[in-house]
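Input: a single structure, listed below in structure tokens.
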Amino acid sequence: MIALSEAEIAARLSGSPEERAAFLRECAEGGVAEAQALYGQLLLDGTGVAQDAPAALGWFIKAAAQHHLMAINMVGRCYDLGWGAAPDKARAAACYRIAAERGLDWGMYNYATLLALGQGVTEDKPLALEWFCKAAALGNAKAINFVGSFHEDGWVVPRDLAKAATCYARAAHGGDFRGAFNHARMLAAKGGIDEALNWLRRAGATATPAFVEKAAAWLATSDIPALRKRGVQALRTAASC
69 MIALSEAEIA ARLSGSPEER AAFLRECAEG GVAEAQALYG QLLLDGTGVA QDAPAALGWF
129 IKAAAQHHLM AINMVGRCYD LGWGAAPDKA RAAACYRIAA ERGLDWGMYN YATLLALGQG
189 VTEDKPLALE WFCKAAALGN AKAINFVGSF HEDGWVVPRD LAKAATCYAR AAHGGDFRGA
249 FNHARMLAAK GGIDEALNWL RRAGATATPA FVEKAAAWLA TSDIPALRKR GVQALRTAAS
309 C
């Protein structure tokens, strides 16, 4: 592959999705680990190229073989969720653990999630919390939300609603839709209905359809009257935009 200047690389990457995908494939085929990981993500998402999960996994594996941390994590994601291969939680956990131990916050978060659920590994909530805390310390908003859940539900640690509320607020401001929903719950419980509705809108705008349905069902049975109708409406309206 011909060496390019930084300006030339930037120009190639600023083209159309198809042009960007073609350039990244060229670099990936030239053995560049970062390009292999990025091209794998494009194949997984179907951005600028036909969606092809098995091919995406193949490129993630190539990049992982070069010790690319996010690629190692993405190999785990593929086996965790059955993207391009049959689901294999144990293999996913092994990949996540490698990425986690090498310092990747997403590896920490994903490994902690499997530990908390006992999927692919023996359930170990104390160890899960340790990894969530490590990821949270690196600013991972999803991990911060889960630290809040541990404190709200009294898993491993004494129940501490103030600590939970602080974590949920941090996760919400960090962009996590679950954190936004949990932050809204805490605000509504303290009478901050208008602010809670705002955070429900923000949660709905980025949440997965499955989460919106689950959250709407919870709101519909809330003991706070304003959430049963206005809360559901705020969440669903934002989700449909």
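Residue numbering for the sequence shown is 69 to 309, as defined by this note's numbering. Glycine residues also receive a C-beta, built at the ideal position from the N, C-alpha and C atoms.
Of the residues the options, the one placed nearest residue i, counting alpha carbons only
i, options, result
"residue 195", "223, 210, 172", "223"
"residue 146", "254, 170, 120, 135", "120"
"residue 209", "250, 117, 301", "250"
"residue 273", "152, 309, 117", "309"
"residue 241", "227, 232, 225, 270", "270"
"residue 392", "200, 164, 81, 197", "This structure cannot settle anything about residue 392, because the visible part of the chain is limited to 69 through 309."
"residue 290", "140, 113, 254", "254"
Straight-line Cα distance separating residue j from residue i
i, j, result
"residue 244", "residue 74", "33 Å"
"residue 207", "residue 234", "14 Å"
"residue 265", "residue 294", "9 Å"
"residue 186", "residue 220", "20 Å"
"residue 166", "residue 259", "44 Å"
"residue 283", "residue 236", "15 Å"
"residue 83", "residue 76", "11 Å"
"residue 171", "residue 180", "13 Å"
"residue 152", "residue 262", "44 Å"
"residue 159", "residue 95", "28 Å"
"residue 128", "residue 113", "13 Å"
"residue 248", "residue 126", "35 Å"
"residue 228", "residue 148", "32 Å"
"residue 217", "residue 281", "20 Å"
"residue 130", "residue 226", "44 Å"
Whether residue i touches residue j by CB criterion (8 Å)
i, j, result
"residue 110", "residue 89", "yes"
"residue 134", "residue 101", "yes"
"residue 182", "residue 202", "no"
"residue 215", "residue 204", "yes"
"residue 212", "residue 246", "no"
"residue 296", "residue 285", "no"
"residue 124", "residue 108", "yes"
"residue 275", "residue 307", "yes"
"residue 116", "residue 97", "no"
"residue 232", "residue 199", "no"
Own chain residues within Cβ distance below 6 Å of residue i, not counting five before or after
i, result
"residue 138", "105"
"residue 268", "252, 299, 302, 303"
"residue 292", "256"
"residue 150", "none"
"residue 192", "183"
"residue 92", "103, 106, 107"
"residue 197", "218, 224"
"residue 122", "152"
Contact set for residue i: own chain, Cβ-Cβ below 7 Å, skip 5 residues either direction
i, result
"residue 132", "139, 140, 143"
"residue 188", "157, 158, 160, 161, 182"
"residue 81", "88, 91"
Contact set for residue i: own chain, Cβ-Cβ below 8 Å, skip 5 residues either direction
i, result
"residue 155", "147, 148, 149"
Quick one: any contact between the segment 160–175 and the segment 135–144, if contact means 3 or more CB pairs under 8 Å? Yes, the segment 160–175 touches the segment 135–144.
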